[in-house]
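Reminder that position 3 of the sequence shown reads as 34 in the working numbering, one-by-one numbering, no gaps.
From the three backbone atoms N, C-alpha and C, an ideal C-beta is built for every residue, glycine too.
Here the structure is a predicted model, which means the values were calculated and not measured.
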Amino acid sequence: MTKTEIFFANVTTDHVKKAIELFDREPGNYNPSVTTFLIYNNKQYPAKHLLKMAYKIANQKEIDTEEYYGGKPTAKVLQKLGFFVQYRDEILGPIDPSLNV
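What follows is the structure, given as structure tokens:
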């Protein structure tokens, strides 16, 4: 397990879906995503920011984006939660969390 995976171990699919709903209403301030996007209902979302929002929902506290990695580590967390992620020019599908990938 990577540091990012351990950090977000208690974030669930429902937390991410709630973060998406919140983002659609109020995206907040964030650095624009360059390489990694969560794909949900044919929309692209900034993956690192969405994971930050899901963390806050799960833990009732803020997290600084400097505390965890974006890119592939963030993509992997979201994939294990059943989401599709665009990383650079590649669409990555969900990963079975029981597989130690």
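Let me confirm a value: residue i is counted as buried when at least 16 other C-beta atoms fall within 10 Å, else exposed. Which label applies?
{"i": "alanine 50", "result": "buried"}
{"i": "lysine 34", "result": "exposed"}
{"i": "alanine 106", "result": "buried"}
{"i": "methionine 32", "result": "exposed"}
{"i": "leucine 112", "result": "buried"}
{"i": "lysine 79", "result": "buried"}
{"i": "lysine 74", "result": "exposed"}
{"i": "lysine 92", "result": "exposed"}
{"i": "proline 77", "result": "buried"}
Quick check: residue i and residue j, are their CB atoms within less than 8 Å of each other?
{"i": "valine 65", "j": "leucine 109", "result": "no"}
{"i": "leucine 81", "j": "phenylalanine 54", "result": "yes"}
{"i": "phenylalanine 115", "j": "proline 104", "result": "no"}
{"i": "lysine 83", "j": "isoleucine 70", "result": "no"}
If residue i and residue j are in contact, beta carbons under 8 Å, what's the gap, nearest whole angstrom?
{"i": "tyrosine 100", "j": "valine 42", "result": "Rounded, the Cβ-Cβ distance is 15 Å, inconsistent with contact."}
Would you list the residues sitting across from residue i in a DSSP beta bridge?
{"i": "lysine 74", "result": "Tyr71"}
{"i": "phenylalanine 115", "result": "Ile70"}
{"i": "leucine 123", "result": "Val116"}
Do the region 60-78 and the region 112-119 touch if we need at least three Cβ pairs shorter than 8 Å?
Three or more beta-carbon pairs separated by less than 8 Å link the region 60-78 to the region 112-119, which places the two stretches in contact.
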